[in-house]
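Taking it in order: structure first as structure tokens, then the write-up.
Protein chains in written order, with the working numbering: chain A, 1 to 338; chain B, 339 to 676; chain C, 677 to 1014.
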């Protein structure tokens, strides 16, 4: 595609020869003739001088002879450019001969159902949704339009996914919540989990992530939220819109997480809490109580990030601090003798 | 069902109009006419005044005009009520046409084998057990009666499950233990893992949980134990009865965990340890050595919970403590000059 | 097999009656007549006196009347002995009638393709490789020779596995990297992940482990590296040769991990870092920055292991340290009055 045609699609200003054609997007080190590259991290500006790319996406105010597509968010524009120049190979609509689709299941126009998929009774699958091989939908599942469920995904009965939901391989939606009541003998009786999971529009669920169904009502993942791989979402958790949970995060049951929250890798959140809008938790943080909106927390138990960094710095010098206290005690004894 | 009929089934005392009929169980906020609700957490007592439920399960000594089922453990009674009023939809017995069942595999009466299930040579599946679609049993697997294996569960050769075992979606039982020996060149040679996994009666295994087979003998999960999602159980681990491991717990190889132990979310336990009966570990605790029975531990490395809370409180004030020490040093210098 | 025949195969010196036959390997407690056992941990030497094994593998310099195979690395020799005496049951070559193999996929000699396996367009599977039931290979996947992919493994398009790669059940290779760019409205747009995953020869991937594809280039796992279960490898991560990642480790995107690195259970590594050759991180360590080759680190944030142990020891006595400081302040006040 010519740069002059691509620039408006990316909301970018063309600078240089608009007749240049680019076919692919490539990283700045690997790019060659015919490639479009991008710079979104100032650390990589020096590479502009040596890249072999035919054109580059970058921020305003950067000097380079390379034909450029100038915009405010090069990283975002790169994402769009990939989608435009290299549209994903989409499997053809149709139902594989080996798929087991219940007679009363309703499949929208252009749906792709892969090999060995199981679609249970009363399921609804929206237009153009792709179910890769080996996806299993129990009875009564509703999936919206333009979704993609990768191979090995399991969705339990009654759960609902909105539109444009992407689910990476092996994820489980609607497993039983971890509900048990101790009886008189100290044994655990199972609490039946009769609620469902609701995943709103534009959510992405990572590989091997588990979202438990609620005991009675619903576990809900808000619009636009992104869950990374190997994440655990307990029963009756509610997550707001545009929130991000990185790899291996765990959220225990009945906790409410707000909008635009960011939980970094391996963060753990206890149950029955409220995490306010815009909260950020750094990697491995352990959150045992409510966190007000807008706070940035770290450590276990979670403290304000800045406080935690300062305390951690002193932690690394604790043996020395202990020695200083011992020395003070010795000096005080001497002074008392005098 | 009439309250007068339900009360004895729940071991509860009826208070009020026994002719009232309830059809479903619902949470106290969502309940409407015809619903039975429950209160097990004192925090929710105020909602009794406004709930629209027809009846409520609760503890003795609570004043309410609502028809009540009074018992010592409302949470447990609620669990039983759900099972009685809304018995789970059980798939009909039979073997799906697409299931691959080895000719010498033995299926008990009333077994349900779903679509695309693979049952290997010499397998035994007990009466009324349900294998949901896409379950894979390698050769020589033995599953007891009244079990339910959800879709995507994988059980490796020779492993044994008892009666009434529930396995959530995608769990893996019998993966190779992580056994490698370093050779002279610094490379890792694989130690063949020829042992098995034994899961005793009434165990529940969470979604996407992995239980490794032993190198030579067995990895064993004791009767009634509950494993949450995304849990890792290393080779040759032994877990006692009625123990609970919450989400994303990891237990390294050859460790023995006792009875009635509770490990909260994301706890890590090193290998070759003994964790005594009744131990509790709070979330994210890291256990590097044996823990005597009955202890309550927290932190990494694990301390007594109370000690850890106190130390954590001082940790949050370490910069101030360091300042106070510096100030003391300054004052001591002044005093020494005088 | 006679000991005299087995000894040279294990690079061991025979001591005692070479005509003794052993059929199996067993642990020192469980071994009986006809079994070969081993001692690799000095803690178990006392058991030599009471074991019922017919022969034992052990280090030089240990006194015992038992027929012995003496060598420098009994643990490694035991691994070889298992493979020799009890060669793993290998499924017969052939393609199951229910497997869906694309017409242009190329399968090497002696390949085993199990029930319900899906092999996509343009895939290549090397000689003698075993694909257990329900494995899914998207289009363009290349798998080397002598590999074993256990049931439920998913490999996404274009990914490449070398020779002798073992993948435990349910693992996912090539899931989308966690790439999102925030737009002007604060919403997340997906960055298409068009790169691949390359897994080199002799790697083992644990059960339910996820290895994300790169955005543009590749995520690469070096020769001989071993990944345990429930591990998360982010997009564009590079791992060197002969490195070991234990259960539930998480490595964020674009980090480079060197050779012969050991990350213990539940370690977390931030993104865009360099972890040098031979680094060791103890369990649950959180690594937020580069780590030079050869260091042994612990804690969050990571410190040198020795420093962390010392600081942790003082941490456990922080309430007392605070008291001592308070007492010093009191004594200083008294002294100042005098």
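Glycine is no exception: its CB is placed at the ideal position from the N, C-alpha and C atoms.
Residue i in three-state terms, based on DSSP
i: residue 424(B); result: coil
i: residue 353(B); result: strand
i: residue 655(B); result: coil
i: residue 341(B); result: helix
i: residue 404(B); result: coil
i: residue 664(B); result: helix
i: residue 724(C); result: helix
i: residue 366(B); result: coil
i: residue 149(A); result: strand
i: residue 640(B); result: coil
i: residue 586(B); result: coil
i: residue 263(A); result: strand
i: residue 298(B); result: Any property of residue 298(B) remains undetermined from this structure, which presents chain B solely from 339 to 676.
i: residue 357(A); result: With chain A running from 1 to 338 in the structure shown, residue 357(A) is simply not present.
i: residue 10(A); result: coil
i: residue 475(B); result: strand
i: residue 565(B); result: strand
Rounded distance between the beta-carbons of residue j and residue i, thought under 8 Å
i: residue 543(B); j: residue 519(B); result: The pair is not a contact, with the Cβ atoms about 30 Å apart (cut-off 8 Å).
i: residue 778(C); j: residue 804(C); result: About 20 Å; that fails the 8 Å criterion.
i: residue 163(A); j: residue 126(A); result: 7 Å
i: residue 273(A); j: residue 287(A); result: 7 Å
i: residue 177(A); j: residue 214(A); result: 6 Å
i: residue 297(A); j: residue 276(A); result: No, residue 297(A) and residue 276(A) are not in contact; Cβ-Cβ is about 11 Å, not under 8 Å.
i: residue 222(A); j: residue 259(A); result: 7 Å
i: residue 236(A); j: residue 254(A); result: 5 Å
i: residue 342(B); j: residue 356(B); result: 3 Å
i: residue 266(A); j: residue 251(A); result: Residue 266(A) to residue 251(A), Cβ: 12 Å. No contact.
i: residue 74(A); j: residue 57(A); result: 5 Å
i: residue 374(B); j: residue 363(B); result: 5 Å
i: residue 617(B); j: residue 631(B); result: 7 Å
i: residue 744(C); j: residue 731(C); result: 7 Å
Those residues which DSSP pairs with residue i across a bridge
i: residue 800(C); result: 782(C), 818(C)
i: residue 634(B); result: 618(B)
i: residue 38(A); result: 57(A)
i: residue 432(B); result: 450(B)
i: residue 20(A); result: Its beta-bridge partners do not exist; DSSP assigns none.
i: residue 160(A); result: 142(A), 198(A)
i: residue 576(B); result: 558(B), 594(B)
i: residue 680(B); result: Past the boundaries of the shown model lies residue 680(B); chain B is included only from 339 to 676, so the question cannot be answered.
i: residue 469(B); result: 451(B), 487(B)
i: residue 571(B); result: 549(B), 589(B)
i: residue 542(B); result: 504(B), 564(B)
i: residue 100(A); result: 118(A)
i: residue 492(B); result: 474(B), 510(B)
i: residue 1008(C); result: For residue 1008(C), which the question treats as bridged, DSSP gives no partner whatsoever.
Residue i, buried or exposed, once every other Cβ within 10 Å from all chains shown has been counted against 16
i: residue 809(C); result: buried
i: residue 674(B); result: exposed
i: residue 72(A); result: exposed
i: residue 226(A); result: buried
i: residue 836(C); result: buried
i: residue 726(C); result: exposed
i: residue 580(B); result: buried
i: residue 169(A); result: buried
i: residue 229(A); result: buried
i: residue 46(A); result: exposed
i: residue 824(C); result: buried
i: residue 780(C); result: exposed
i: residue 699(C); result: exposed
Cutoff 8 Å: residue i Cβ touching any chain F Cβ
i: residue 814(C); result: Protein chains A, B and C are contained in the structure displayed, whereas chain F is not.
Residue i beta carbon near the ligand COA (any heavy atom closer than 7 Å)
i: residue 901(C); result: This structure lacks the ligand COA, and indeed carries no ligand of any kind.
Suppose only complete runs of 3+ residues qualify. What are the beta strand (DSSP E) ranges in the stretch 166-201 of chain A, listed by chain order? Taking 3 residues as the minimum length, the beta strand (DSSP E) runs contained wholly in the stretch 166-201 of chain A are 172-175, 180-182, 188-190, 196-199, in order along the chain.
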